[in-house]
Amino acid sequence: MQDAPRLYIDPGHASLFRPDAELALSPDHARYLGTVLRLGPGDAVSVFNARDGEWDAVLTGVRKDRGTLRLAERRRMPDIRVGATLFFAPLKRDATDLVIRMGTELGVSCFAPVMTARTNTHRLNAERLRAIAIEAAEQCERLDVPRIDDPVPLVQAMEAWPAELPLFAAMERFDGAAALPREWAAGYGVLIGPEGGFAPEERRWIEGRSGVTPLSLGALVLRADTAACAALALLGAQGVLFDSHRLLK
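Position 245 of the sequence shown, counted from 1, bears residue number 225 in my numbering, the numbering being contiguous throughout.
Below, the structure written as structure tokens:
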């Protein structure tokens, strides 16, 4: 069932997976399988979540906004690895969508929106952003869906961050970046500023905090959504994004 469509099944809305168990499809899943993909009874699908792992399944019925499937066997055991917490200032709709989508594909465990002096968007549609994260998780073959927190002020978020966990702050026009450490703990943080960058007083405050490592993303000034993806990819290249103890040499 290598090419079967992957569906995220919320463990809060389903009992534990077991062979031959029947699951009801959500209306969205039923429409996607039946109307978009034009699948029907007997066609293969794959279902997953962080609790149960990933299972092969077979459609037993699908019609308009309803359907059922039968579980066959488990393909992957649960294997959740702690990734980054991404602190980012909310952006315009399309840019925020990209941050959620690409961050999910790059292994982010938690999206933590922060309000800064230059944040120009203060409303986020949490339900819509979660749907984007689920779609990205289905596409990239991860088992879990990252958490999306409610927005909080920057200072509040930083002061609540555990002192023992590293925090990498992407700074534009920063030319004094120290070499990244060869190893650091899982569950680290990545901080990305708003469009226009951090206000001068915010930047001084961030750089003066213990445990914060300034992160240079090169000589060019990047859009905030580009910076988020670049920072996650840079840290991922160090071998820590998906498995912090398996480092590239």
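Every residue, glycine too, gets a C-beta built ideally from N, C-alpha and C.
query                                                                                               : result
C-beta atoms of residue 25 and residue 39 nearer than 9 Å                                           : yes
Distance, residue 21 Cα to residue -5 Cα                                                            : 22 Å
Residue of 124, 85, 148 minimising C-alpha distance to residue 59                                   : 124
Status (buried if at least 16 other CB within 10 Å, exposed otherwise) for residue 57               : exposed
Cβ pair residue 173, residue 187 closer than 9 Å                                                    : no
Per DSSP, the bridge partner or partners of residue 89                                              : According to DSSP, residue 89 bridges with nothing at all.
Residues near residue 134 in its chain [Cβ-Cβ closer than 6 Å; skip 5 each side]                    : 94, 96
Presumed contact (8 Å Cβ cut-off) between residue 64 and residue 212, rounded CB distance           : 7 Å
Secondary structure of residue 33, DSSP reduced to three states                                     : strand
Local Cβ density within 10 Å of residue -2, reported as buried at 16 or more and exposed below that : exposed
Alpha-carbon to alpha-carbon, residue 100 and residue 79                                            : 16 Å
Three-state secondary structure assigned by DSSP to residue 24                                      : strand
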